[in-house]
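Read through the structure below, which is laid out as structure tokens, and then see the notes.
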């Protein structure tokens with residue numbers, strides 16, 4: 001019997017998400033310990049958002065989940081909507097991408113936060129409202145006492161996302177899922193919001209699952225990173241190791257296609273590399289390794305057999321992993 | 332909100348003014364000599380002139396228009412040429428039939444449409460949702476008079492529970508009045524529900540897929556709670572719009588129902604007076620109805636402001 005503190009914040013085993021026609025997530029497994037931080041990266045359509053929604057039990061109509069999602073002593077996959085709803089916002093919660101469309105347009109932002117507190121803690125109206133103001137101050141929202149009465153359209157994008165984060169963190173969840181939380185924001189406020197999210201998650205001792213295609217964000221905020229491609233995790237490991245020394249050719253490609261001061265040439269002759277080809281559509285995945293049509297090292301084996309993520313030693317699902325620095329590749 | 336309401340009030344008054352001008356000009360300006368129309372083609376020139384003089388029809392049109400408006404504002408809608416009855420009295424008597432009929436029909440329609448439409452939206456793609464959509468389609472296709480006749484055959488003729496038509500006045504017997512309204516209200520309400528179900532269904536479907544409904548669930552609401560507490564509140568806007576349009580349509584809808592069930596309502600009165608060439612009665616009653624429709628739109632606009640902070644702030 002594990003003690004509560006040793007139990008991971010979430011343990012996902014062989015997660016499969018599909019709607020009968022297509023399978024968006026094809027056997028994903030990972031574990032985030034209490035207070036751990038994992039980044040999930042990949043291109044659009046790689047299945048990272050579907051993974052997040054499956055963890056929350058918020059998949060669109062017609063989509064279903066197989067496998068197991070262990071959280072707080074229960075398997076979320078087997079839970080009813082009612083049972084899940086009592087956990088959502090309390091033990092696990094989520095920050096969405098677009099705060100404008102994600103907040104109820106006809107309700108005051110303060111009411112939206114305080115109703116979460118009242119729902120899960122049973123606090124009376126006055127207490128919940130006081131906590132809301134306090135929470136909004138923690139989120140560095142200006143004039144919190146007045147701002148509680150604002151509607152979402154009356155405040156800035158950065159403020160809206162802070163409100164969204166306040167709602168997600170109000171009940172000190174064990175796990176917070178953030179799905180591209182800054183993509184819809186101005187570049188100038190992205191950093192502020194991330195810093196705030198980072199601090200708030202740390203203060204609460206919550207675990208974080210950060211979904212983004214922005215690798216520097218992962219490097220700054222997470223300790224583990226999982227790279228997804230076509231519904232599978234192709235490489236997973238400690239952030240520093242994976243980024244410094246990628247083993248999967250797709251991870252290498254992702255890293256090479258990130259703009260940095262080094263590879264953006266000011267004279268226009270950009271040396272930015274892109275991965276050739278496109279993400280395959282879910283209904284027409286190639287056999288074997290899904291990355292093989294775009295992979296520089298693909299062989300017949302890659303076209304026939306699907307590589308699995310191995311034990312600790314083999315952290316990339318690849319038949320021909322890239323060599324460690326100073327080591328010859330195993331062919 | 333105050334500024335928003337004042338703006339909408341100004342629109343309302345402006346629309347009423349334009350409407351009054353249009354009615355007056357269409358009926359009086361384009362209609363030729365009113366006195367001659369009223370008296371028919373066998374009337375002598377003297378008789379026509381005398382009538383015109385008695386009713387002030389020989390004065391310049393702007394003066395007549397001004398008089399008409401001032402009198403209406405004082406509650407004087409003019410009088411019938413033939414019976415000398417005051418139009419205000421005529422209309423009031425008819426409204427005691429028409430208002431309960433239209434209002435109950437609308438309320439019945441909403442009581443059916445909101446839960447059924449919501450249910451249909453939640454079960455889209457399932458057999459139960461498809462069956463409801465089909466029933467609603469059939470309901471839309473059925474003309475209101477046909478529904479009325481079927482209901483009156485079933486409950487009036489076969490079962491004998493309710494009168495097949497006719498009217499017992501409220502003063503005479505309130506129960507009798509209600510009994511004579513049941514079948515007309517039922518036919519009107521069912522047809523109205525069929526139309527409204529479709530709008531409620533699509534409004535709820537639209538709202539159900541909104542990100543903020545997902546957020547409501549992400550912070551602890553069940554699917555049903557999110558739909559009822561967040562979804563319906565946001566779906567109210569399109570539903571209010573269509574209800575406003577339906578109220579305007581009810582006026583036409585009741586003509587047929589009043590005919591089928593021989594009710595002495597406002598719509599039948601107008602038809603009779605058009606046939607009888609009662610120019611003043613028609614002019615004033617049509618004006619009343621138009622003011623009512625514009626007023627409903629005004630109320631719908633105010634409701635927008637109440638329901639959606641984005642709209643009231645934009646003003």
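Residue numbers (our numbering), protein chains in the order written: chain A, 1 to 331; chain B, 332 to 646.
Every residue gets a Cβ at the ideal spot worked out from N, C-alpha and C, and that includes glycine.
Residue 59(A) and residue 65(A) do touch by the CB rule: their CB atoms are close to 7 Å apart, below 8 Å. Taking 8 Å as the cut-off, the beta carbon of residue 179(A) is found closer than this to the beta carbon of residue 97(A). The beta carbons of residue 445(B) and residue 349(B) sit no closer together than 8 Å. Contact between the segment 611-621 of chain B and the segment 400-415 of chain B is present, with at least three C-beta pairs closer than 8 Å. Membership of residue 643(B) in the alpha helix (DSSP H) is indicated by the continuous run 640-645. Neighbours of residue 81(A) in chain B, taken as residues at a C-beta separation under 8 Å, are given in chain order as 553 and 554.
Any Cβ of chain B closer than 8 Å to the Cβ of residue 120(A) would place that residue at the interface, and such an atom is present. No Cβ of chain B is located within less than 8 Å of the beta carbon of residue 139(A). Listed along chain B are 551, each with a C-beta nearer than 8 Å to that of residue 86(A).
Considered as a whole, the segment 344-432 of chain B harbours 365-370, 376-385 and 392-404 as its complete alpha helix (DSSP H) runs of no fewer than 4 residues, in chain order. For residue 631(B), no CB of chain A lies under 8 Å from its own CB, so it is not counted at the interface with that chain. Within the segment 134-159 of chain A, the residues whose Cβ lies closer than 9 Å to some Cβ of chain B are 151, 152, 153 and 154, listed in chain order. When the five nearest sequence neighbours on each side are left out, the beta carbons in the same chain lying within less than 6 Å of the beta carbon of residue 525(B) are those of 467, 470 and 471, in order along the chain. Linking residue 464(B) to residue 452(B) through their CA atoms gives a straight-line distance of about 10 Å. The residue from 332(B), 480(B) and 340(B) with its alpha-carbon nearest to that of residue 626(B) is 340(B). A residue is called buried once 16 or more other Cβ atoms fall within 10 Å of its Cβ, and residue 240(A), having fewer, is exposed. In summary, the residues of the segment 105-120 of chain A whose CB is separated from some CB of chain B by less than 7 Å are 105, 106, 116, 119 and 120, in the order they occur in the chain. Put simply, the CB of residue 103(A) is near chain B, with a gap under 8 Å to one of its CB atoms. For residue 167(A), the nearest beta carbon of chain B is closer than 8 Å to its own beta carbon.
For the pair residue 501(B) and residue 427(B), the CB atoms are nearer than the 8 Å cut-off.
Within chain A, 104 have C-beta atoms less than 8 Å from the C-beta of residue 547(B), given in sequence order. Annotation for residue 505(B): the continuous alpha helix (DSSP H) segment containing it runs 505-539.
For residue 634(B), no Cβ of chain A is located within less than 8 Å of the residue's own Cβ. Using a CB distance cut-off of 8 Å, residue 542(B) counts as an interface residue toward chain A.
Within the segment 386-418 of chain B, no residue places its CB atom closer than 8 Å to a CB of chain A. Residues of chain B whose Cβ lies closer than 8 Å to the Cβ of residue 89(A) are, in chain order, 549, 550 and 551. Residue pairing for residue 229(A): DSSP places it in a beta bridge opposite 232(A).
Taking every protein chain shown into account, the CB of residue 334(B) has fewer than 16 other CB atoms within 10 angstroms, so this residue is exposed. Pairing residue 353(B) with residue 475(B), the inter-Cα distance amounts to about 30 Å. Separation of residue 381(B) and residue 619(B) (C-alpha to C-alpha, rounded to the nearest whole angstrom) is 29 Å. When beta bridges are read from the DSSP output, residue 207(A) appears opposite 175(A). The beta-bridge partner set that DSSP reports for residue 10(A) consists of 32(A).
Here DSSP, grouped into helix, strand and coil, assigns residue 37(A) to strand. Contacts between residue 93(A) and chain B, judged by CB atoms closer than 8 Å, involve 549 and 550 in chain order.
At least one beta carbon of chain B lies nearer than 8 Å to the beta carbon of residue 58(A).
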